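Residue numbers (my numbering): 359 to 997.
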RNA sequence: GCCGACGUAGCUCAAUCGGUAGAGCAACUGAUUUGUAAUCAGUAGGUUAGCCGUUCAAGUCGGCUCGUCGGCUCCA
């Protein structure tokens with residue numbers, strides 16, 4: 359038998375052909391049970407793959423990112439096996455990949471899975487794990503695979519096979535269950551020790567709503583018991599951070615059935631936070647050379663025909679209303695109005711760039727099933743702006759916008775977000791040169807700011823490339839927030855022009871951008887970011903004064919007045935309650951500072967300062983405390 | 001919109017097999033005057049999401065509608 363050279367780390371050795379990664383690792387004394395697969399020249403393979411050529415091998419540890427993925431993928435197979443054991447061979451299984459934090463498998467069967475079924479399936483999985491069936495890989499010619507899955511009556515598998523370009527496909531068998539799969543897998547089912555099934559959900563075959571709705575079971579698996587426990591604990595904690603729960607508890611906002619789904623009622627506390635955000639937002643826009651606009655909520659259908667929304671966006675718009683025999687529509691976007699302001703007179707190249715900003719409230723019809731607290735609603739206020747720029751100005755303006763976005767995210771203390779640069783799709787308007795120019799400008803801008811980003815090739819909108827910032831909620835789900843979009847389309851449609859140096863008409867490029875996203879979504883993620891405990895500068899109530907008894911109320915009122923005069927958001931808790939009860943309530947309200955006032959404070963002209971979640975900080979003079987608070991507010995300190 | 005689960009007092013939750021809807025907190029009234037996370041007592045609070053049906057009897061069983069939640073799809 360011939361020899362092959364295998365390199366592991368820096369060690370190159372000869373082995374006889376047909377040796378497996380497991381045997382190689384064993385011979386080098388680096389094998390352990392935590393190694394579940396191997397990488398051959400960077401490609402993951404099974405531990406028992408027979409090696410036939412020179413290669414570089416690396417072990418894949420169960421705890422590594424790749425190891426976890428393999429483990430979870432194998433878990434999905436084991437789940438499918440368990441489902442078939444319980445519900446019979448008539449169950450059609452579709453796809454079962456590993457995903458972030460877990461795995462799922464989609465099934466097609468008559469019976470609807472119940473939570474009790476999940477327990478049964480989990481129990482059956484434990485049995486399969488105990489049996490410790492090896493995962494056996496087999497490579498088949500396509501025709502044979504087709505024959506196999508035809509016999510098994512698995513149409514989804516047949517559909518997948520028909521789309522695989524290769525002549526052969528691989529299948530994996532553990533015990534009595536066989537699945538079409540690229541692999542690799544854990545060596546045997548016994549390796550799956552720490553897993554849990556989490557939920558059932560509907561999912562269209564291939565994510566297309568024209569296809570059949572399948573039943574998806576989500577689960578998770580980890581290398582260690584500890585990690586699984588930690589993840590389940592994280593899910594519990596995430597529930598506590600849920601902005602919908604906190605919004606109710608902290609009396610920030612509500613959604614009323616009679617008002618309508620997806621329509622937000624901002625309560626005084628929530629509205630105060632929004633007011634602070636908006637004031638800050640406006641100041642920053644003035645600093646950065648923006649001008650403010652106010653535009654109507656409705657417009658003639660004619661406007662939406664020019665903009666193209668009538669043709670391409672109608673399904674997201676509320677139905678038209680008839681006024682004086684004409685049709686009007688509620689706005690889903692602000693851009694056409696801003697363009698009309700631009701077009702209200704002749705513009706010179708000297709006027710550009712023009713930056714129009716508006717906190718514009720828009721309404722979009724969203725399918726009922728997708729609404730989600732503040733994060734997906736039907737009426738929302740975009741912190742919108744439209745920039746009209748020349749080609750020469752494009753790059754600088756994009757950098758300016760992105761810098762602005764970045765500044766906002768940092769100031770609000772967001773540490774969880776992803777940035778995506780979406781490039782030209784197949785169908786597009788505008789010249790190739792302009793696309794190049796704009797895409798490049800976006801790239802230069804993110805790189806200049808040293809922001810980590812991913813490229814979404816071809817995911818741009820037809821009218822121009824864009825950068826999206828996706829904010830992440832307590833459960834790790836992404837929600838589109840700030841975005842900068844270049845638009846080559848609307849200036850054409852509206853025939854937007856400026857007069858250049860040459861005295862001729864030119865077409866400006868338009869930028870759409872939001873630096874927060876929408877007030878609703880931004881507020882929702884902000885609540886989750888801080889679990890409701892807003893930093894001082896944002897807190898709806900910044901200071902709560904707690905007099906110990908009636909005798910201290912007069913002095914407490916004086917402290918209150920001083921803070922109030924200095925525009926600190928302060929409340930005096932003069933209820934007939936015990937101090938401890940008042941402290942408890944203030945803590946539950948997540949008020950940053952609690953001032954206790956008793957005999958000592960009155961006689962010494964001080965306040966006893968208690969910091970939210972930290973406890974007693976001791977006594978301070980009233981002045982001292984006021985300065986501390988004012989400084990912290992001014993500096994927008996995040997604690 | 002689709003699949004599934006859920007909807008009981010302002011909030012969080014009970015209510016056995018279909019047999020008089022109940023508790024804690026909050027609210028209100030009174031007492032208590034308090035030193036760093038809940039003072040005590042009393043009062044009031046309900047078309048059990050809505051409508052229709054089965055039944056002697058429905059919070060409970062069935063149907064429809066609305067809403068919420070988890071997903072699919074879509075987006076700020």
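For every residue, glycine included, the Cβ atom is placed at its ideal position computed from N, Cα and C.
Bear in mind the structure is a predicted one, so any value in this text is a computation, not a measurement.
Annotation: residue 491 is outside any alpha helix (DSSP H) and is labelled neither H nor E by DSSP. Linking residue 819 to residue 728 through their CA atoms gives a straight-line distance of about 22 Å. Boundaries cannot be given for residue 539, as no beta strand (DSSP E) includes it and DSSP labels it neither H nor E. Between residue 770 and residue 977, the alpha-carbon positions lie close to 30 Å from each other. Between residue 837 and residue 879, the C-beta gap is smaller than 7 Å, which places the two residues in contact. Residue 702 holds the alpha-carbon nearest to the alpha-carbon of residue 852 among 834, 702, 831. Per the Cβ contact rule, the stretch 572-584 is in contact with the stretch 456-476 (3 or more Cβ pairs under 8 Å). Sorting 789, 828, 784, 763 by C-alpha distance to the C-alpha of residue 803 places 763 at the top. DSSP lists 740 as the beta-bridge partner residues of residue 876. Here DSSP, grouped into helix, strand and coil, assigns residue 812 to strand. The Cβ atoms of residue 767 and residue 799 do not sit closer than 7 Å to each other. In the displayed model, residue 796 falls within a helix according to three-state DSSP. Annotation: residue 510 to residue 483 spans about 21 Å, alpha carbon to alpha carbon.
Taking 3 residues as the minimum length, the beta strand (DSSP E) runs contained wholly in the stretch 432-493 are 460-466, in order along the chain. CA-CA distance, residue 609 to residue 717, rounds to 23 Å. In its chain, beyond the 5 residues on either side, 533, 547 have a beta carbon closer than 7 Å to the beta carbon of residue 489.
DSSP places residue 554 inside the beta strand (DSSP E), whose first and last residues are 552-562. Of all alpha-carbon atoms in 456, 554, 622, the one lying nearest the alpha-carbon of residue 540 is that of 456.
Taking all protein chains in view, the Cβ of residue 584 is surrounded by fewer than 16 other Cβ atoms within 10 Å, so the residue is classified as exposed. Residue 887 sits away from residue 927, with the two beta carbons spaced by 7 Å or more. Annotated three-state conformation of residue 978 is strand, per DSSP.
Restricted to the stretch 751-797, the alpha helix (DSSP H) segments that are unbroken, complete and at least 4 residues in length are 752-769, listed in chain order.
Between residue 882 and residue 737, the CB-CB gap reaches or exceeds 7 Å.
No Cβ-Cβ contact shorter than 7 Å links residue 856 with residue 658. DSSP links residue 404 through a beta bridge to 395. Boundaries of the beta strand (DSSP E) around residue 837: 836-845. Under the three-pair Cβ rule at 8 Å, the stretch 772-787 counts as touching the stretch 806-826.
Secondary structure at residue 603: helix, using DSSP grouped into helix, strand and coil. A straight line joining the alpha-carbon of residue 445 with that of residue 628 spans about 49 Å. About 7 Å separates the CB atoms of residue 590 and residue 554; that is less than 8 Å, so the two are in contact.
Around residue 833, the same chain offers 596 as residues with beta carbons nearer than 6 Å, after the five sequence neighbours per side are excluded. In the DSSP assignment, residue 383 falls within the alpha helix (DSSP H) that extends over 379-385. Separation of residue 947 and residue 606 (C-alpha to C-alpha, rounded to the nearest whole angstrom) is 11 Å. Of the candidates 844, 742, 395, 477, 844 places its Cα closest to the Cα of residue 788. For the set 829, 785, 753, the Cα lying nearest the Cα of residue 797 is the one of 753. The straight-line gap separating the alpha-carbon atoms of residue 527 and residue 667 is approximately 46 Å.
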